[in-house]
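So the sequence shown is numbered by this note's numbering: it starts at 5 and just counts up by one. Encoded as structure tokens, the structure appears first; notes follow it.
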Amino acid sequence: MKDQIKTLARQYAADIVANRRHLHANPELSFNEYNTARFVAEQLKAIGLTPQEGVANTGLVALIEGRKTGSSENRVVGLRADMDALPIHEANDVPYKSTVEGVMHACGHDVHTSSLLGTARILQELRDQFEGTVKLVFQPAEEKAPGGASLMIKDGVLENPSPASMLGQHVAPNVPVGKIGFREGMYMASTDELYLTVIGKGGHGAMPDQLIDPVLIASHIIVALQQIISRNRKPANPSVLSFGRFVADGVTNVIPNEVKIEGTFRCMDEEWREDGLRRMKKMAEGMAEAMGAVCEFTVVRGYPFLKNHPELTRRMRSAATEYMGPENIVNLDLWMAGEDFAFYSQVVDSCFYRLGTRNEARGIISGVHTPTFDIDESALEIGAGLMSWLAVEELRVKS
């Protein structure tokens, strides 16, 4: 079946590219993927599928039922693609450049969606040759909290039928086209936003004895919070605490009444995540109080950390090696970015792998979330074919 999949991926490659270009030219922001969802639904209906629309408002789910009969129970594998774009003005001069001012597919979700549509077409054509069910998940709002994955789970995407495993792929602009990356275990970080307001008593900079200086207190808090990362965290547990915004709206000789701080806390352990946030809140509030001020400490919860199930990931790596050749499989490093596929990985065996899209010879080198991001479109044929093969191989696993 591998050769059949490769043949079909090559046969449908031009259509997959066309779909990607359509999606790239017509991006929609998180929770507003209405036209994208309609386009996806049309494509699925055209190949004989009946998508369930309106999941988490703009998400879709469709089933491909294998018709080959066997003695084993019906196994289900889920395949996920995200659909939303980013609020970025595209700087690329290409025929498929975004037609929506200030909105761009700068994280490859157009690639993920068009690739999964290609996978759907391949597997629908080959459904007589495998047993089990493939659950296609087209998900909104990966880029915006609380994350479309969490909402689709609430809407029952992991039920009726329940997948034994979930697979997701993501573009990798740092990996050459033609190569695929895997990592077992912890892979991507949880993402929480921190908002602190330190309230003191402002006044003339020449009379600090009559003030409660929130600038000085906030500075102490920022430095002290790093101690939690260096002294309370287990050394083997990756964590990042960064502050990117510090607003003290005074002037040279005027100390403000309050200071606002914004930052991010990222880690790869849910127990440490809770402990770390608790310690930060306690320390910040306590330090401010000790210095005569008040600290309001607010956490906006983001995504959990993403973990690739070791046994599943080993199976997928082995299958990818068979499909791509061992020279085209690479190891991935830990990545402290966030990804809402993590919600699936917390409740079902999951594998999130990377699809190489870089081509230095053609100048395709920009990273995600930049206005010049693009891909070598030969990755689309690979992405659609490989995910088809991985799904078929996973359906063969006996429960």
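Note that the Cβ used here is the ideal one computed from N, Cα and C, for glycine as well.
Around the Cβ of residue i, are there at least 16 other Cβ atoms within 10 angstroms (buried) or fewer (exposed)?
i           : result
residue 387 : buried
residue 85  : buried
residue 371 : exposed
residue 344 : buried
residue 87  : buried
residue 258 : exposed
residue 145 : buried
residue 175 : buried
residue 378 : buried
residue 143 : buried
residue 256 : exposed
residue 230 : exposed
residue 249 : exposed
residue 380 : buried
residue 422 : With the chain covering only 5 through 403, there is no way to say anything about residue 422.
residue 38  : exposed
residue 383 : buried
residue 218 : buried
residue 296 : exposed
residue 141 : buried
Only counting the same chain, and skipping five residues up and downstream in sequence, which positions put a Cβ closer than 7 Å to that of residue i?
i           : result
residue 306 : 149, 194, 195, 196, 197, 342
residue 323 : 393, 394, 397
residue 271 : 193, 194, 241, 242, 243, 277, 280, 309
residue 246 : 267, 268
residue 12  : 126, 129
residue 57  : 41, 45, 64
residue 251 : 263, 264
residue 72  : 132, 133, 134, 135
residue 207 : 214, 215, 259
DSSP on residue i, reduced to helix/strand/coil?
i           : result
residue 324 : helix
residue 66  : strand
residue 352 : coil
residue 387 : helix
residue 281 : helix
residue 106 : coil
residue 395 : helix
residue 224 : helix
residue 84  : strand
residue 205 : strand
residue 440 : Residue 440 lies beyond the stretch modelled for the chain, which goes from 5 to 403, so this question has no answer here.
residue 192 : strand
residue 216 : strand
residue 233 : helix
residue 101 : coil
residue 72  : coil
residue 382 : helix
residue 311 : strand
residue 343 : coil
residue 238 : coil
residue 329 : coil
residue 402 : coil
Name the DSSP bridge partner or partners of residue i?
i           : result
residue 180 : 362
residue 197 : 268, 304
residue 243 : 271
residue 93  : Per DSSP, none; premise fails for residue 93.
residue 250 : 265
residue 185 : 334, 358
residue 174 : 358
residue 259 : 207
residue 316 : Paired residues: none, contrary to the question.
residue 368 : 363
residue 166 : DSSP output for residue 166 lists no bridge partner at all.
residue 298 : 203
Go through its chain and collect everything with a Cβ distance to residue i's Cβ below 6 Å, but skip five positions before and after it.
i           : result
residue 205 : 215, 216
residue 101 : 94
residue 53  : 66
residue 302 : 199
residue 339 : 192
residue 253 : 260
residue 273 : 241
residue 122 : 16, 20, 388
residue 104 : 31
residue 172 : 84, 345, 356
residue 363 : 181, 380
Just checking: is the beta-carbon of residue i within a distance shorter than 9 Å of some beta-carbon in chain C?
i          : result
residue 71 : Reference to chain C is not applicable here, since this structure consists of a single protein chain.
Once the 5 residues before and after residue i are set aside, which same chain residues still bring their CB inside 8 Å of it?
i           : result
residue 158 : 60
residue 361 : 112, 115, 175, 176, 177, 179, 181, 368, 379, 380, 383
residue 236 : 279, 280, 283
Complete alpha helix (DSSP H) runs within the region 110-163 (minimum length 4 residues, chain order): 113-129, 152-158
Ordered list of alpha helix (DSSP H) runs contained in the region 6-64, each at least 4 residues: 6-15, 17-29, 38-50
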